[in-house]
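Chains as they are written, first to last, in the numbering used here: chain A, 307 to 465; chain B, 307 to 465.
Every residue, glycine too, gets a C-beta built ideally from N, C-alpha and C.
Since we're looking at a predicted model, the values are computed, not measured.
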DNA sequence: TCTTGACCCTGTAGTTGCTACAGGGTGTGC
DNA sequence: GCACACCCTGTAGCAACTACAGGGTCAAGA
């Protein structure tokens, strides 16, 4: 099948497929006489594997490792376990950080008692106060134990 | 104060300060006779405001808007509200997606009954099965209602 | 036969929020 | 005079795509 068909089957972009090929995640397919890529079932399977990994939040480097395991079915599977453990831990940390973040945002949102001017808005007052005296939840504690700690580094907000 | 001192005070990198200047988030400071940047209190405050916004998961474009509101204290504050609402909604969506993700990962992790070869590993079997028959939790339902739906697009796993 | 439109190709640049150099200048203490 | 910490500009890299530009191919319809 051609690239458009393949992409449609796994519900992703044609450009993404070419990107995976460039990155070595997808084997280079044959070409037809016009130079168009011609894919077989194994390509489809690999692509599905990759997209499945991505949907589980895995990075491409990690998926590359999984593909490696897949190509060496007689190797020790402990690497597969370890990879998933890393992933689970990462997700748990993110959930915790997000929970704190949400609380802070909701607290901040509550500061706007009624719509008025920016000057009077409790949210802006809060944000500005945080600057002056570091009294907001994010800055209250000392560096090491801040709520969503130095999060800009530790877990840069996704998106 | 010089850039190193400023960066230290807000606990961020010197390069980051220069980056914010380039991006127009931080006003260009005066220079001393050697061409070194020379910052005052207002720069410190703005920088703290920016970092605080980042720690709350806001994007730089959003922080830019907040800075705008800050510079127009007599404007209508409803924009401030709206910005926070967007942020809260985003965080809530992420928390929900992460929760689903975690369940899926833990289910997958449970597939590895005992350490053996990659071929025998339940995790790899599961991942491969997902390819063949789309029976894993992520692919079981139809596109529109998939668990962590086309999530690679919708909420690309945070890096 | 010509044309239209959908598809394909390569190559490069943009996105976000930094981070990390390279290659140089400045300031301070000994 | 020297070492060393700090500063400067400019550019490139990261992840995982996405979005062109500028061109080729193919099949259907007039």
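Answer with yes or no whether the minimum CB distance from residue i to chain B is below 8 angstroms.
{"i": "residue 386/A", "result": "yes"}
{"i": "residue 307/A", "result": "no"}
{"i": "residue 314/A", "result": "no"}
{"i": "residue 425/A", "result": "yes"}
{"i": "residue 450/A", "result": "Confidence at residue 450/A is low in this model, with a pLDDT of 30, below 50, so its placement is unreliable and the value that follows should be read with caution. Answer no: the Cβ-Cβ gap between residue 450/A and chain B never drops below 8 angstroms."}
{"i": "residue 422/A", "result": "yes"}
{"i": "residue 339/A", "result": "no"}
Helix, strand or coil for residue i? Go by DSSP, reduced to three states.
{"i": "residue 319/A", "result": "coil"}
{"i": "residue 327/A", "result": "helix"}
{"i": "residue 431/A", "result": "helix"}
{"i": "residue 307/B", "result": "coil"}
{"i": "residue 336/B", "result": "strand"}
{"i": "residue 341/A", "result": "coil"}
{"i": "residue 440/A", "result": "Low confidence applies to residue 440/A: its pLDDT is 43, below 50, so where it sits in the model is not reliable, and the reading given next is rough at best. Residue 440/A: coil per DSSP, three-state reduction."}
{"i": "residue 312/A", "result": "helix"}
When the cut-off is 8 angstroms and only beta carbons count, does residue i lie next to chain A?
{"i": "residue 400/B", "result": "yes"}
{"i": "residue 323/B", "result": "no"}
{"i": "residue 348/B", "result": "no"}
{"i": "residue 331/B", "result": "no"}
{"i": "residue 310/B", "result": "no"}
{"i": "residue 397/B", "result": "yes"}
{"i": "residue 431/B", "result": "no"}
{"i": "residue 439/B", "result": "A caution first: residue 439/B carries a pLDDT of 44, below 50, which makes its placement in the model unreliable, though a value can still be read off. Answer no: the Cβ-Cβ gap between residue 439/B and chain A never drops below 8 angstroms."}
request  = Only counting runs of 4 or more residues, tell me where the alpha helix (DSSP H) segments fall wholly within the segment 344-406 of chain B, in order along the chain.
outcome  = Qualifying alpha helix (DSSP H) stretches, in chain order: 347-361 and 366-377.
Q) Which residues, in order along the segment 356-384 of chain A, keep a beta-carbon less than 8 angstroms from a beta-carbon of chain B? A) Against chain B - using a Cβ distance shorter than 8 angstroms - the residues of the segment 356-384 of chain A are 357, 358, 359, 360, 361, 362, 363, 364, 365, 372, 375, 376, 378, 379, 380, 381, 382, 383 and 384.
Do three or more CB pairs link the segment 366-384 of chain A to the segment 395-414 of chain B at distances below 8 angstroms? Touching, no.
| Do the segment 391-400 of chain A and the segment 340-354 of chain B meet, that is, are 3 or more Cβ pairs less than 8 angstroms apart? | The segment 391-400 of chain A is not in contact with the segment 340-354 of chain B.
So, do the segment 333-341 of chain A and the segment 354-374 of chain A have three or more beta carbon pairs nearer to each other than 8 angstroms?
Contact between the segment 333-341 of chain A and the segment 354-374 of chain A is absent, because fewer than three Cβ pairs lie under 8 angstroms.
Give, in chain order, every residue of the segment 406-418 of chain B whose Cβ lies closer than 8 angstroms to some Cβ of chain A.
Legend: CB atoms of the segment 406-418 of chain B lying less than 8 angstroms from CB atoms of chain A belong to residues 407, 408, 410, 411, 412, 414, 415 and 418.
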